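If you read the sequence shown in my numbering, its first letter stands for residue 10, the second for the next number, and so on.
For glycine and all other residues, C-beta sits at the position ideal for the given N, C-alpha and C.
Here the structure is a predicted model, which means the values were calculated and not measured.
Worksheet: one structure, shown below.
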Amino acid sequence: MQQATPTDDIDREAAAIKPPGRMRIVGWILGAISMVVLAPVLILFVAANGVTTSTLALGALLVAIGLMTMVRIPPRGSRRVALLTAAALCLVSVSIFVIARLCAVPPPQEFHFAENGRRNAPPPWPSRLVDERETVLTGLYFSDLLGLVKGPETEHLDQLLRNAYAASSPPWPNAVLIASSSDASRHLEHVPRGSTAVPCIVFLHGFGGQLTAYLRVLHQAFGDRFAIVAPFLDSTGAFWTPHGKAVVSALVTKHLPPEVDRSRVFLVGLSNGAVGATAILQDPDLSRHFRGFVLVSGIGEVAQPNAGANVLLMAGSDDARFPLHDIQSAAETLRGRVARVEMETFPADHFLWLSHAREMTTTMNHWLSSQLEEGQCP
């Protein structure tokens with residue numbers, strides 16, 4: 010029987026400590042980057058939502074990435090089998106989750122996704138992987154960490170959003186993960202079934218992006234009589250910027266549903282969306298597409314509004330983001346510029362759209378009805 014020589018032992022030890030190859034180093038780098046990006050997301054999702062199917066899938070993905078890139082798997086033995094089996098099971102679980110979400114039949118929806126005028130267009134695939142409720146609550150948790158939403162305001166909004174998303178079937182796709190772009194006009198739309206020449210509400214979202222929880226409020230109040238169209242911008246809701254105004258312009262000039270009566274289109278803005286609506290009502294070319302403007306929980310700088318603009322302002326008396334006295338002052342400036350302004354105040358904070366939805370939509374309904382009746386007068 011041949012015995013190993015000292016030279017053989019030295020060769021084996023040298024091979025064991027051989028520096029990793031270039032591909033191994035690249036794998037470590039990519040794995041580390043992936044884990045640095047995904048681990049905080051997983052922590053935020055779990056902190057905001059607890060353990061859900063989405064968080065389990067994301068956790069399995071992290072484990073698989075770690076096993077395949079950060080762990081040196083031995084060349085043979087039971088430990089190798091165990092590590093490879095664990096990585097394979099994690100990848101299979103993630104694959105099943107992704108395929109199930111992408112192939113799922115969406116529940117009946119009040120709103121449909123449209124892109125560049127194509128109605129019922131397939132939404133971007135990332136928006137189908139994660140529930141909107143989970144994304145929104147995670148975003149709120151992150152905003153609290155950054156100090157964008159603070160103290161009692163965080164708890165109040167958290168409860169309002171949980172109630173709003175618990176009230177009906179899960180939205181599909183996830184509107185928070187859809188945005189407009191310089192080369193695509195994207196929106197959600199609802200048209201009353203079997204209708205023609207219907208009035209239309211164009212809704213401008215605020216900071217945080219488009220939320221179907223806000224759209225459901227409009228649908229419950231006006232969905233049987235109005236088309237409702239909600240363009241996507243970005244997470245800021247800065248519709249007052251040139252890009253924001255261009256998104257609205259493309260919508261109202263090219264992509265409104267054909268069932269809409271273009272002489273009866275109203276612009277409704279929430280929070281930052283209301284700031285954008287303020288800028289639009291002062292734009293001679295863009296404002297002519299709207300019969301009236303509804304500003305909720307926000308208003309922008311008033312410089313030179315078009316004479317005769319019809320405006321409804323709705324504000325919370327305890328709104329710390331857009332204080333009531335600032336909105337009242339802007340309303341007086343609008344009136345001084347020959348705008349026709351009505352204002353309604355609610356005992357609410359900045360989130361009256363959700364906390365006082367019934368009272369707000371009742372006020373809006375009376376105002377919209379009066380505008381439509383006025384337009385029918387000979």
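In the structure shown, what three-state DSSP assignment does A193 receive? Within the sequence shown, numbered from 1, the residue matching residue 193 stands at position 184. Note: A193 maps to strand in three-state DSSP.
Is the Cβ-Cβ distance between T61 and L51 less than 8 Å? Here residue 61 is taken as the residue at index 52 of the sequence shown, counted from 1. Here residue 51 is taken as the residue at index 42 of the sequence shown, counted from 1. Contact flag unset, no.
For N58, name the three-state secondary structure that DSSP assigns. Locating residue 58 in the sequence shown gives position 49, where the first residue counts as 1. N58 falls in the helix class under three-state DSSP.
With a CB to CB cut of under 6 Å and the five nearest residues on each side skipped, what residues in its chain are close to S178? Looking up residue 178 in the sequence shown gives position 169. Excluding positions up to five away in sequence, the list reads P116.
Using a Cβ-Cβ cutoff of less than 7 Å, which residues in the same chain neighbour F241 once the five nearest sequence positions on both sides are dropped? Locating residue 241 in the sequence shown gives position 232, counting from the first residue. I187, A188, S189, R195, H196 and Q219, listed in sequence order.
Delimiting residues of the beta strand (DSSP E) encompassing F275: Taking the first residue of the sequence shown as 1, we reach residue 275 at position 266. Unbroken beta strand (DSSP E) run through F275: V269 to L279.
Nearest to R171 by alpha carbon, out of M373, E382, L363 and T372? Walking along the sequence shown from the start, residue 171 turns up at place 162. Looking at the Cα atoms, L363 is the closest of the given residues.
Taking only the alpha-carbon atoms, compute the straight-line gap between M32 and L39 and give it to the nearest angstrom. As a working note, residue 32 is residue 23 in the sequence shown. As a working note, residue 39 is residue 30 in the sequence shown. Their backbone Cα atoms lie some 10 Å apart in a straight line.
Looking at the strands, I want to know which residues DSSP matches up with P182. Translated into the one-based positions of the sequence shown, residue 182 becomes position 173. Partner(s): none; P182 has no beta bridge.
Test: P83 CB closer than 8 Å to a CB of chain C: Annotation note: the requested chain C is absent from the structure, which comprises a single protein chain.
Could you tell me which residues DSSP pairs with T354 in its beta bridges? Your numbering for residue 354 matches position 345 in the sequence shown. Bridge partners of T354: A324.
Backbone secondary structure at A236 - three-state DSSP: In the sequence shown, the residue the question calls residue 236 occupies position 227. Strand at A236.
Buried or exposed: S136, going by 16 or more other Cβ atoms within 10 Å of its Cβ? Within the sequence shown, the letter at position 127 stands for residue 136. Buried, since its Cβ has 16 or more Cβ neighbours within 10 Å.
Are the stretch 195-209 and the stretch 153-170 touching by the rule of at least three beta carbon pairs closer than 8 Å? no
The stretch 316-335 / the stretch 280-299 touching (three or more Cβ pairs under 8 Å): yes
At the level of alpha carbons, what is the spacing between F212 and G232? Counting from 1 along the sequence shown, the entry for residue 212 is found at position 203. Counting from 1 along the sequence shown, the entry for residue 232 is found at position 223. Their Cα atoms are separated by approximately 13 Å.
So which of N129, A312, A348 and Q313 has the shortest CA-CA distance to L322? Locating residue 322 in the sequence shown gives position 313, where the first residue counts as 1. Nearest C-alpha to L322: A348.
To the nearest angstrom, how far is the alpha carbon of Q313 from that of T342? Position 304 of the sequence shown holds residue 313. Position 333 of the sequence shown holds residue 342. Approximately 10 Å between the Cα atoms of the pair.
For A69 and S102, believed in contact at Cβ under 8 Å, the rounded distance: The sequence position of residue 102 within the sequence shown is 93, counting from 1. The sequence position of residue 69 within the sequence shown is 60, counting from 1. Confirmed, Cβ separation roughly 5 Å.
Leaving out five residues before and five after F106 in sequence, what residues of the same chain have Cβ atoms less than 6 Å from its Cβ? In the sequence shown, counting from the first residue as 1, residue 106 sits at position 97. So the qualifying residues of the chain are A66.
CA-CA distance, E331 and V274? Position 322 of the sequence shown, counted from the first residue, corresponds to residue 331. Position 265 of the sequence shown, counted from the first residue, corresponds to residue 274. Here residue 331 turns out to be Phe, not Glu, going by the sequence shown. Using only the alpha carbons, I get a separation of about 26 Å.
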